[in-house]
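Colleague: Just so we're aligned, residue 41 is where the sequence shown starts under this note's numbering, counting upward by one. Dropping the structure in here first, questions after.
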Amino acid sequence: MNRLFILFLSLTAAISAHGQGYLLPSRPLVDSALAPFFHGVASGDPLSDRVILWTRVTTDSPSVSVDWQIATDTGFIHIINSGSVTTDTSIDNTVKLDATGLTPNSWYYYRFSAYGKYSSLGRTRTAPVGNIDSLRFAVVSCSNIQVGFFNVYHEIANRNDIDAVLHLGDYYYESGARAFGYAGDSMRLHDPSHEAITLADYRMRHSQYKLDPDLRNCHAQYPFITIWDDHETSNDSWHDGANGHNPNTEGDWYTRKDAGKKAYFEWLPIREIAPGNDTIIHRTEHWGNLLDFIMIDTRYEGRDSTLDILIPDTVALLLDTNRQMLGRPQMQWFKGELSNSTAQWKVVGNQVMLAPLTIQEHILNGDQWDGYPAERKRLLDHIMQNNLKDIVFLTGDIHCAWGNDVPHPDSIYDPATGHGSALTEFVTTSVTSTSDEVNAFTAAYVMSLEPHVKYTELHLRGYLLFDVNKQRVQGDFIHVNTVTSQTYTATDDAQWMNVNNERFLRQAPGILGPRPGNPPLTSGATGIRNISKNMIVLGCYPNPAENEVALQYYLSEPSKVEIHITDMSGRVVYNKSTTESQYGLYDTKVYIDNLGAGSYIMSVTASGKTYSKQIVKGK
41 MNRLFILFLS LTAAISAHGQ GYLLPSRPLV DSALAPFFHG VASGDPLSDR VILWTRVTTD
101 SPSVSVDWQI ATDTGFIHII NSGSVTTDTS IDNTVKLDAT GLTPNSWYYY RFSAYGKYSS
161 LGRTRTAPVG NIDSLRFAVV SCSNIQVGFF NVYHEIANRN DIDAVLHLGD YYYESGARAF
221 GYAGDSMRLH DPSHEAITLA DYRMRHSQYK LDPDLRNCHA QYPFITIWDD HETSNDSWHD
281 GANGHNPNTE GDWYTRKDAG KKAYFEWLPI REIAPGNDTI IHRTEHWGNL LDFIMIDTRY
341 EGRDSTLDIL IPDTVALLLD TNRQMLGRPQ MQWFKGELSN STAQWKVVGN QVMLAPLTIQ
401 EHILNGDQWD GYPAERKRLL DHIMQNNLKD IVFLTGDIHC AWGNDVPHPD SIYDPATGHG
461 SALTEFVTTS VTSTSDEVNA FTAAYVMSLE PHVKYTELHL RGYLLFDVNK QRVQGDFIHV
521 NTVTSQTYTA TDDAQWMNVN NERFLRQAPG ILGPRPGNPP LTSGATGIRN ISKNMIVLGC
581 YPNPAENEVA LQYYLSEPSK VEIHITDMSG RVVYNKSTTE SQYGLYDTKV YIDNLGAGSY
641 IMSVTASGKT YSKQIVKGK
């Protein structure tokens, strides 16, 4: 989370009313024409000869066989690879596979099939090898469905001139309905309505977000390269806890953290570092001799406890040279990746701001690298002592845009020449998450405090268009004028670059121009086309269960919902009934503490349709 904004709020006591009074659509919608692949398709982590393909099947069955194909054409005449995989409830009926045997630097189309139906079409690509002249990426972070529309994803999905999307964390938010950035609209609320804590909660939250047509279409058009941040589990988290986690009411932290990580690996097209390992995300992905993406984990792997806001720089923990952000094993790996890379550009996917941000000898946000100055110095020492150049950090988290030089703490930084800077940093703003609390501040004021900040825009939502060639990397800060309406405009507001062999930012000569060469976008379903008059149950877990069963279901019309549980002899042992006044996505929990251990049949009836599933009560 970006707690800098809480500080700004406390300093100014100026609360913005922006965002109040608009109306978003009634609850997330489900396109029944996509059945059984309601959550669409996705790809990720492209290598030169393979790419991860992903989908999810909504099914009543404990397991299902899913066929897949990847081809060079939309008609699937030239199929390069195909196969069948089986998914089941242990991985929430998600499908994730490595499609191999592909050609470097090539575009492909892919699809899945089950129950005699095809998924929507996906488009993806492989990474290049050898000499490569040009690459372009969209960089995003911090998408909160309760704040507004995903216009940023819509904009990216339709531009057709990038190679992949980098998502730097906070893919969704764990907060309950009407919490954390909620903008006053009661119609676009988190599902489940309580804060996500359990594996079932995290799965349902992933499900809700991937029902959004703009996010779903963005995944269908491009491969994603992702890392997590704190809101994939709990606010301001670290290895051993989180400021947003209360063990007295929310249980064991490690159980919660593991649940969030498991759901993340189930629902995102990220490649496991080792089979069965869903705890490690730091990795390097090679894009020819032009760049290496080095993705790091500043959140869960080795971080010591996070600090608060507005901290005097004499606080004892800040002076503790043993304090870790990455942890020793990851730091050693990171240094090795930087030193051993043969690519021209070393581009680091990073969650929280690296550049200093202080005021009157107080650190504004101890959750950023500012809270771990010894760790940052160890990294910058390694870079400078080994004369490593062309290192660029790409960062999210802070909900506003920044272009930074990153001075070495022992240097005398000269803002006019960039002397004393070790590397540069581009910070993308959020997809939707608010920064309204800084409306009383101007970019000029912030830059007067920190002259190594070359650019900042504190209020708008958007993304970073990141273009790489042999002469320079350039970041264009693209912003949308609103997320409270699907009618919006996007503008390229600022352009900054890092020239080869320099360690500081220069203003670029102009906006990034057209970049032709991508094949046609897919024309798969991107919105509601055909709503059938029935109920769709999207999730029912856990199974087996001990205390409760969570249900996520969709109503195509207002309806009475009845839930019955019978034992195997047909005797009714549980009844629950509710009437929903709107169509849309819902969740509920069925408490089974009083049932004896054994097998039962749970039936859910609404809109003339009944869903039945055998559940097992443990203990």
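In this text, a Cβ means the ideal position worked out from N, Cα and C, and glycines have one as well. Every value quoted in this text rests on a predicted model; they were computed, and no experiment measured them.
1) If you follow the alpha helix (DSSP H) that Phe333 is part of, which residue opens it and which one closes it?
2) Beta carbon of Thr164, beta carbon of Arg90: below 8 Å?
3) Can you list, in chain order, the stretches of the beta strand (DSSP E) that have 3 or more residues and sit fully within the segment 82 to 153?
4) Here's a check: name, in chain order, each residue in its chain whose Cβ is nearer than 6 Å to the Cβ of Phe78, leaving out the five neighbours to either side.
5) If you run the structure through DSSP and keep just helix, strand and coil, what is Leu500?
6) The alpha helix (DSSP H) spanning Gln372 covers which residue range?
7) Taking its Cβ as the centre, do 16 or more other Cβ atoms sit within 10 Å of Pro352, making it buried, or is it exposed?
8) If distances are taken between C-alpha atoms only, which option among Arg256, Ala73 and Trp293 comes closest to Leu239?
9) Can you give me the C-alpha to C-alpha distance between Leu595 and Asp173, rounded to a whole angstrom?
10) Going by alpha carbons, who is nearest to Gly711 out of Trp327, Thr114 and Arg339?
11) Going by DSSP in three states, Cys258 sits in which element: helix, strand or coil?
12) Per the DSSP calculation, Asn615 is bridged to which residue(s)?
13) Along the beta strand (DSSP E) that carries Leu625, what are the first and last residues, could you check?
14) According to DSSP, is Gly411 helix, strand or coil?
15) So what's Asn558 in DSSP terms, helix, strand or just coil?
16) Write down the C-beta distance between Gly638 and Lys616 rounded to the nearest angstrom, noting that I regard them as a contact closer than 8 Å.
17) Quick check on the DSSP output: the alpha helix (DSSP H) that includes Val486 runs from which residue to which?
18) Return the first residue and the last residue of the alpha helix (DSSP H) that Ile196 is part of.
19) Name the two residues that bound the continuous alpha helix (DSSP H) containing Thr289.
20) Rounded to the nearest angstrom, how far is the Cβ of Thr472 from that of Val135, given a contact under 8 Å?
21) Between Thr457 and Asn405, what straight-line distance do the alpha-carbon atoms span, to the nearest angstrom?
22) To the nearest whole angstrom, what separates the beta carbons of Ala590 and Ile632, a pair I think is in contact under 8 Å?
23) Label Ala484 either buried or exposed according to how many other C-beta atoms from any shown protein chain fall within 10 Å of its C-beta, with 16 as the threshold for buried.
24) When the Cβ atoms of the segment 385 to 397 are set against those of the segment 410 to 430, are three or more pairs found closer than 8 Å?
25) Quick one: is Glu588 buried, meaning 16 or more other Cβ sit within 10 Å of its Cβ, or exposed?
26) Taking the C-alpha atoms as reference points, what is the distance between Ala299 and Tyr242?
27) How about Thr126 and Ser105: do their beta carbons lie closer than 8 Å?
28) Please state the DSSP three-state secondary structure of Leu552.
29) Comparing C-alpha positions only, which one of His459, His118, Leu93 and Asn444 sits nearest to Asp450?
30) What does the Cβ neighbour count give for Gln400, buried or exposed, with the cut at 16 atoms within 10 Å?
31) Can you tell me where the alpha helix (DSSP H) holding Leu357 begins and where it ends?
32) How big is the Cα-Cα spacing for Ala57 and Ser470?
33) Please report the residue range of the alpha helix (DSSP H) in which Gly300 lies.
34) Give a yes or no on whether the C-beta atoms belonging to Trp442 and Thr496 are separated by under 8 Å.
35) Near Val577, what residues of its chain come up, given a Cβ to Cβ distance below 7 Å and the 5 sequence neighbours on each side ignored?
36) To the nearest angstrom, how far is the alpha carbon of Lys250 from that of Asp332?
Modeller: By the coordinates alone:
1) The residue given as residue 333 occupies position 293 in the sequence shown. Segment Leu331 to Met335 is the beta strand (DSSP E) holding Phe333; no alpha helix (DSSP H) there.
2) As a position in the sequence shown, residue 164 is number 124, starting the count at 1. As a position in the sequence shown, residue 90 is number 50, starting the count at 1. Going by C-beta atoms, Thr164 is not nearer than 8 Å to Arg90.
3) 91 to 96, 103 to 111, 119 to 128 and 134 to 139
4) Within the sequence shown, the letter at position 38 stands for residue 78. If we look at Phe78 and ignore the five residues flanking it on each side, its Cβ neighbours are Val70 and Thr98.
5) Within the sequence shown, residue 500 is the residue found at index 460, counting from 1. Looking at Leu500 - three-state DSSP - the assignment turns out to be coil, as it is neither helix nor strand.
6) Against the sequence shown, residue 372 aligns to sequence position 332. Note, Gln372: alpha helix (DSSP H), Arg368 to Asn380.
7) Against the sequence shown, residue 352 aligns to sequence position 312. That one is exposed.
8) Here residue 239 refers to the residue found at position 199 of the sequence shown. When only C-alpha atoms are compared, the closest one is Trp293.
9) Taking the first residue of the sequence shown as 1, we reach residue 595 at position 555. Taking the first residue of the sequence shown as 1, we reach residue 173 at position 133. Roughly 50 Å separates the two Cα atoms.
10) Residue 711 is absent from the structure shown; the chain starts at 41 and stops at 659.
11) On the sequence shown, position 218 is the one that residue 258 refers to. Residue state, collapsed to three classes: helix.
12) The residue you call residue 615 lines up with position 575 of the sequence shown. DSSP, once it has assigned bridges, lists His604 as partnering Asn615.
13) As a first step, residue 625 must be located in the sequence shown, where it is residue number 585. Per DSSP, Leu625 belongs to the beta strand (DSSP E) from Gly624 to Tyr631.
14) Working through the sequence shown from its first residue, we reach residue 411 at position 371. Helix.
15) Taking the sequence shown and counting its residues from 1, one reaches residue 558 at position 518. Correct three-state label for Asn558: coil.
16) Walking along the sequence shown from the start, residue 638 turns up at place 598. Walking along the sequence shown from the start, residue 616 turns up at place 576. About 20 Å separates the two Cβ atoms, so there is no contact after all.
17) The sequence position of residue 486 within the sequence shown is 446, counting from 1. Ala483 to Leu489 is the span of the alpha helix (DSSP H), which, as asked, contains Val486.
18) The count along the sequence shown starts at 1 and reaches residue 196 at position 156. Ile196 -> alpha helix (DSSP H) spans Asn191 to Ala197.
19) Your numbering for residue 289 matches position 249 in the sequence shown. Residues Pro287 to Glu290.
20) The residue given as residue 472 occupies position 432 in the sequence shown. The residue given as residue 135 occupies position 95 in the sequence shown. About 28 Å; that fails the 8 Å criterion.
21) For the purposes of this step, residue 457 is taken as the residue at position 417 of the sequence shown. For the purposes of this step, residue 405 is taken as the residue at position 365 of the sequence shown. Cα to Cα, Thr457 sits roughly 28 Å from Asn405.
22) As a position in the sequence shown, residue 590 is number 550, starting the count at 1. As a position in the sequence shown, residue 632 is number 592, starting the count at 1. Not really, about 11 Å apart at Cβ, beyond 8 Å.
23) Position 444 of the sequence shown, counting from 1, holds the residue named residue 484. Ala484 is exposed by the Cβ-count criterion.
24) yes
25) Here the question's residue 588 lines up with position 548 in the sequence shown. Burial call: exposed.
26) Looking up residue 299 in the sequence shown gives position 259. Looking up residue 242 in the sequence shown gives position 202. Looking at the two C-alpha atoms, the distance is approximately 7 Å.
27) Position 86 of the sequence shown, counting from 1, holds the residue named residue 126. Position 65 of the sequence shown, counting from 1, holds the residue named residue 105. Yes.
28) One-based indexing of the sequence shown puts residue 552 at position 512. Here Leu552 sits in coil by DSSP.
29) Mapped onto the sequence shown, residue 450 falls at position 410. It is His459.
30) Within the sequence shown, residue 400 is the residue found at index 360, counting from 1. So Gln400 counts as exposed.
31) By 1-based counting over the sequence shown, the position of residue 357 is 317. Here the alpha helix (DSSP H) through Leu357 covers Ala356 to Leu359.
32) Within the sequence shown, the letter at position 17 stands for residue 57. Within the sequence shown, the letter at position 430 stands for residue 470. Residue placement at Ala57 cannot be trusted, given a pLDDT of 28 that sits under 50; what the coordinates show is reported in the next sentence. When rounded, the distance between both Cα atoms is 19 Å.
33) By 1-based counting over the sequence shown, the position of residue 300 is 260. Element bounds for Gly300: Trp293 to Trp307.
34) Indexing the sequence shown from 1 puts residue 442 at position 402. Indexing the sequence shown from 1 puts residue 496 at position 456. Their beta carbons are under 8 Å apart, which means Trp442 touches Thr496 by this criterion.
35) Residue numbering aside, residue 577 sits at position 537 when the sequence shown is read from its first letter. Closer than 7 Å at the Cβ level, and outside the excluded window around Val577, lie Leu591, Tyr593, Val644 and Tyr651.
36) Looking up residue 250 in the sequence shown gives position 210. Looking up residue 332 in the sequence shown gives position 292. Their Cα atoms are separated by approximately 29 Å.
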